[in-house]
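The structure appears right after this line, and notes come after that.
Chains as they are written, first to last, in our numbering: chain Y, 1 to 628; chain S, 629 to 867.
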C-alpha cells in the first residue's frame, strides 16, 4: 500500500505539473562545458553560487535524466554525470590521480561516450554537436586549455556534476533543457533493459512490466537508503535474487523514487526529528496538506501565533464536519516515517486514511493538550512541548530521548484509540524535578509547569478514553470547580499556599527566591502530600499573619483564606499518603489550573468584606488527625 | 465426484501478526489485512494432507489491529544450510556446513499488527491424488472439525510469522458465542494489490489480487480464478 499510495501521488503530481515526467528528476549541475554548434569546446564554467555568507557554494538545479543505479558496475548517466564519466577526468586527492583512477575514468568515459553515441544516433542539431564533442573519446584533452587550478580541483571530486551547454542559434542552451535531447534521453532510458530482471507482473500495480533488478537509493531530508532492497541472502526466497523476490516494475520504481524525492525536498510535506523523517501526502487535493505540519507540531511561519492556531482549527474543523461525499474529506491521506539503517530505509510508521478521519483524530489530539492560559485557550505545539519537557541539556541522551518521545507521540496523534506513551507522563514529571528550573526564574517555572500540565492532562484524558487508566474525571482546560479528586485538589491547594507566600513577600517588594515554597516543597507535595502539608501549613499561617498585619494585605489574605477553605471543604478526610505517577499528573494539572485561575483579571475576584477574619480552617481533618 | 467440500469457519486471534509485504521483506512491513496465504496456513496447521488443499473463501475482520513497530530484532543475514547440503557433507566426509549467527547478526525492524482477530472461511478442494483414490472431502471436513473443536494442531498456528503465535483459535459453528461470534468491524477500503498466494503448479509464482473490504468482510476469489485472470480478478464484498 505504501508504494501504491506513492504511485498515486506521483500520478497526481504529473497531472498537476509539479513532478517531472518519468525518467527525469531534479539534479544539480556544478560545472558546464560550453560546446559550439559543431562540437568544439568553447569553455568550461563553474556555475555554483554561494548560499549565504557562510554556506558552501551550490550548483544550479535542473530537471535531468535520472541517475542510474550503480553498485559496482559502470553505468553512465545521460547528459549529466560525474567528471570521470562525462569528461574522462579521474578522481584525485592531494597526491594527484593514480594509475588505477585514470584507468577507471577512461573506462567510465568510454561507456559515457558509447551510451551517447547510441542515444544521439544520426540526429542533427544539438544532438550532432554533442555527438561530435564526444566522438573523439578524449574530451579531457580538448578541455585542457580551459581548465585552471580551481576547476581542476573541483573536477577531481566525485561529488561534482558536469553537464553541457550547446550553442543553438548563437545562444548557449543547457543540454538537459533542450526538448529534443530530453526526448532522446527519455526514449533511451525507457528502452534500456540493463537494470531489468526480465518481464513479470508488478506486485504494486498488478500489471505486466519489466521488473526492476535493483531499487535506487532515495534521499529524503538527509536520510538516505533504499526503501526496497534485497542485498542479503536471507532476503532471497525460492531461488530469486534481488528484485525478483518482489517484482516491481521499473517505471513504478522510478515513479515512487521521484515521489519520495519531491516529498523530501519540501518542508511542507516532510519533517525531520533526529534520525527519523516524517513524510505526508494526499492522493487528492485537501486542505489538510497545508496545515498538517503545524497541526502535528512543526514550525510554519505562516501558521504561527494565534492567527495560525485559528487557521489550523478551522481547516481541521471543516474537514471533520465535511459530508462523507466531500472529496476533500474522503481524499486518502498518508503519513510515513522512515529512518536509515545499513543502507536501507526502515519504515517506522505507516498510516493511511480519509483526510476527514485523520483531521478529526488530529484535532482530538491537539484538544487533549489544550490548556487555558490567562483566560484564553492555548494549544502548545507538540514538538515544542517535547523540546520543553526534554531540554535539560544538549547531551546526546536527551536528543535521542526527544526523538523517541516524538516518534511515539505521532502514531497516537493519528489514531484516537491509541493510548499515549507512558514516557510522556514520565518526562512531564521529570521536567519539574528539583533544579530543573532556577528558583529566581518564575516565568520559566510557569512555562515549564504549563508544558508538564499539558502533557499530563493529555496522557490522563487519553488513558481514560482508551480505558488503559482507571476511570477518573476528565480534566478540562481550566479550573474545574466540580473535580473533587484528591490529587487535583492537593495541587490547587499548593498553588494557593504558594500565592500566599508570594503576596507576603511582595509587601516588601521582594521575591521569595530560594525560600519559595515551590523550590523547597513542590516535589515533596507531589509525591507525599500529607508530609508536605504538615510542613507547609505552619509557614502559610505565618505568611497570612504578615498579610493581615499590613493594610494592603488584608484583602488578599481574606480572599486567599476563602479559596483555601473552599478547597479543603472539597477534600476527602482521608488523604493519600503517596501519589502514584498518574495522580502526580493530576496534581500538576490542578496546580497549573489554580495558578491560572489566580491570574484572572481583578474584576473576576470577589472583594474582601471589612472585618472578615482571615484565619483558614485547621487542617487536622485533612491530615487524618496528625498535627499540622 | 465431489472434489470441493463445505466451507469451514475458523476464528483466530492473536496479540501480534505480521503478513509481510514482499517488497518490504528486508525491514518488514505488514499488510493491513491477513493474506489468503497466511489464512490457508492457519487451516493447514490444524489439519492438512497431500490429498487436499485448503481454499480460502472469505475473510471477516473482527479486530483489524493497528501497525506497531516491533523495533530492531536480532536476525541473521544468511540462511541455514539445507538438509541436502548437510547430507552431502556427511556422506562426503566433509565438514558440516553451518550458520555462524554471531558473525551474521543483523538488526531488522518489523512493523506488525497489534491485537488482531479474524473469522476465516475455507473449503477443502481435493487434489488429483485424492480424486484418483476415490477420496471424499466429507471425511477430511469431519476430521478437521473434530481437531479444531478439540484445539488440536500439527504445529501451533501463527499469524504470518512462526514467532507470532495465535493466542486462540476456535471452530465457528451456529452455536458459537462470545468473541468468535462477534460482528465484523466497520471497515471499508480498497486495499489495492495484495499478495494472494504462491502458485506451486508452476514453480513458486507469486499471485496478486485486488481485495476490497466492505463492512469488514472480503470475498477471496478461488485460486483458479486468480491464476486464469491474472491480476484482473476483482473481489467484492460478501453477499
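Here a beta-carbon is modelled for each residue, glycine too, at the ideal position from N, C-alpha and C. All of these numbers come straight from a predicted model, not from anything done at the bench.
If you compare alpha carbons, which of the options is closest to residue i?
i, options, result
"residue 522 of chain Y", "Y:430, Y:233, Y:385, Y:141", "Y:430"
"residue 186 of chain Y", "Y:165, Y:198, Y:119, Y:134", "Y:119"
"residue 826 of chain S", "S:852, S:812, S:712, S:728", "S:852"
"residue 823 of chain S", "S:814, S:839, S:817, S:809", "S:839"
"residue 166 of chain Y", "Y:44, Y:145, Y:234, Y:581", "Y:44"
"residue 642 of chain S", "S:709, S:855, S:787", "S:787"
"residue 391 of chain Y", "Y:433, Y:373, Y:109, Y:16", "Y:433"
"residue 793 of chain S", "S:650, S:633, S:651, S:670", "S:670"
"residue 372 of chain Y", "Y:475, Y:388, Y:68, Y:116", "Y:475"
"residue 226 of chain Y", "Y:234, Y:232, Y:233, Y:217", "Y:217"
"residue 579 of chain Y", "Y:598, Y:530, Y:596, Y:415", "Y:530"
"residue 636 of chain S", "S:752, S:843, S:819", "S:752"
"residue 663 of chain S", "S:842, S:688, S:708, S:704", "S:688"
"residue 264 of chain Y", "Y:274, Y:278, Y:252, Y:254", "Y:278"
"residue 15 of chain Y", "Y:283, Y:441, Y:339", "Y:283"
"residue 81 of chain Y", "Y:146, Y:520, Y:62", "Y:62"
"residue 158 of chain Y", "Y:506, Y:31, Y:362", "Y:31"
Would you check if the distance between the CB atom of residue i and the CB atom of residue j is smaller than 8 Å?
i, j, result
"residue 588 of chain Y", "residue 262 of chain Y", "no"
"residue 653 of chain S", "residue 258 of chain Y", "no"
"residue 409 of chain Y", "residue 427 of chain Y", "no"
"residue 355 of chain Y", "residue 337 of chain Y", "no"
"residue 500 of chain Y", "residue 591 of chain Y", "no"
"residue 740 of chain S", "residue 696 of chain S", "yes"
"residue 747 of chain S", "residue 639 of chain S", "yes"
"residue 249 of chain Y", "residue 205 of chain Y", "yes"
"residue 691 of chain S", "residue 750 of chain S", "no"
"residue 267 of chain Y", "residue 407 of chain Y", "no"
"residue 758 of chain S", "residue 679 of chain S", "yes"
"residue 89 of chain Y", "residue 3 of chain Y", "no"
"residue 596 of chain Y", "residue 478 of chain Y", "yes"
Determine, for residue i, whether the minimum Cβ-Cβ distance to residues of chain S falls below 8 Å.
i, result
"residue 232 of chain Y", "yes"
"residue 244 of chain Y", "no"
"residue 335 of chain Y", "no"
"residue 29 of chain Y", "no"
"residue 2 of chain Y", "yes"
"residue 604 of chain Y", "A caution first: residue 604 of chain Y carries a pLDDT of 42, below 50, which makes its placement in the model too unreliable to give a value."
"residue 203 of chain Y", "yes"
"residue 6 of chain Y", "no"
"residue 238 of chain Y", "yes"
"residue 467 of chain Y", "no"
"residue 607 of chain Y", "Its pLDDT being 39, under 50, residue 607 of chain Y is placed unreliably in this model, and the value from its coordinates should be taken loosely. No, its Cβ sits nowhere closer than 8 Å to a Cβ of chain S."
"residue 235 of chain Y", "yes"
"residue 403 of chain Y", "no"
How far does the beta strand (DSSP E) with residue i in it reach, from first residue to last?
i, result
"residue 586 of chain Y", "Taken as a continuous stretch (DSSP letters only), residue 586 of chain Y belongs to no beta strand (DSSP E), being part of the alpha helix (DSSP H) at 581 to 598."
"residue 202 of chain Y", "That residue, residue 202 of chain Y, is in no beta strand (DSSP E); it is neither H nor E in DSSP."
"residue 540 of chain Y", "Premise fails: residue 540 of chain Y lies in the alpha helix (DSSP H), 529 to 549, not in any beta strand (DSSP E)."
"residue 823 of chain S", "822 to 827"
Using 8 Å as the limit for Cβ to Cβ distance, is residue i near chain Y?
i, result
"residue 694 of chain S", "yes"
"residue 688 of chain S", "no"
"residue 697 of chain S", "yes"
"residue 791 of chain S", "no"
Specify, as a first and last residue, the run of the alpha helix (DSSP H) that residue i falls within.
i, result
"residue 494 of chain Y", "486 to 506"
"residue 294 of chain Y", "288 to 296"
"residue 372 of chain Y", "Counting along the chain, residue 372 of chain Y falls outside any alpha helix (DSSP H), though it belongs to the beta strand (DSSP E) covering 371 to 373."
"residue 254 of chain Y", "250 to 265"
Return yes when the C-beta of residue i is under 7 Å from any heavy atom of the ligand FMN, and no when it is not.
i, result
"residue 156 of chain Y", "In the structure shown, the ligand FMN is absent, as is every other ligand, since no ligand is present at all."
| query | Which residues, in order along the stretch 344 to 359 of chain Y, keep a beta-carbon less than 8 Å from a beta-carbon of chain S? | reply | If the cut-off is 8 Å between Cβ atoms, the stretch 344 to 359 of chain Y has 344, 345, 346, 347, 348, 349, 350, 351 near chain S.
| message | Beta carbons nearer than 8 Å to chain Y: which residues of the stretch 798 to 827 of chain S have them? | response | 819, 820, 821, 823, 826
| said: Counting only Cβ-Cβ distances shorter than 8 Å, please list the residues of the stretch 654 to 672 of chain S near chain Y, keeping chain order. | reply: 654, 655, 657, 659, 660
| task | Name, going along the chain, the residues of the stretch 706 to 723 of chain S whose beta-carbon falls closer than 7 Å to a beta-carbon of chain Y. | result | Result list: 706, 707.
| task | Determine which residues of the stretch 135 to 167 of chain Y have a Cβ less than 8 Å from any Cβ of chain S, and write them out in chain order. | result | none
| Between the stretch 828 to 855 of chain S and chain Y, which residues of the former have CB atoms less than 7 Å from a CB of the latter, in chain order? | 832, 834, 836, 838
| task | Mind checking the stretch 735 to 767 of chain S against chain Y and listing, in chain order, the residues whose C-beta falls within less than 9 Å of any C-beta there? | result | 735, 736, 737, 739
| request: Pull out every residue of the stretch 639 to 650 of chain S whose Cβ sits closer than 9 Å to any Cβ of chain Y, in chain order. | output: Answer in chain order: 649, 650.
| Looking at chain S, which residues of the stretch 206 to 233 of chain Y have a Cβ within less than 9 Å of any of its Cβ atoms? | Only 206, 207, 208, 215, 226, 227, 228, 229, 230, 231, 232, 233 from the stretch 206 to 233 of chain Y bring a Cβ to less than 9 Å from some Cβ of chain S.
| the stretch 31 to 42 of chain Y: which residues have C-beta closer than 8 Å to a C-beta of chain S, in chain order? | Flagged: no residues at all.
| Selection of the stretch 406 to 439 of chain Y by Cβ proximity to chain S, strictly under 9 Å | Result list: 407, 411, 415, 417, 418.
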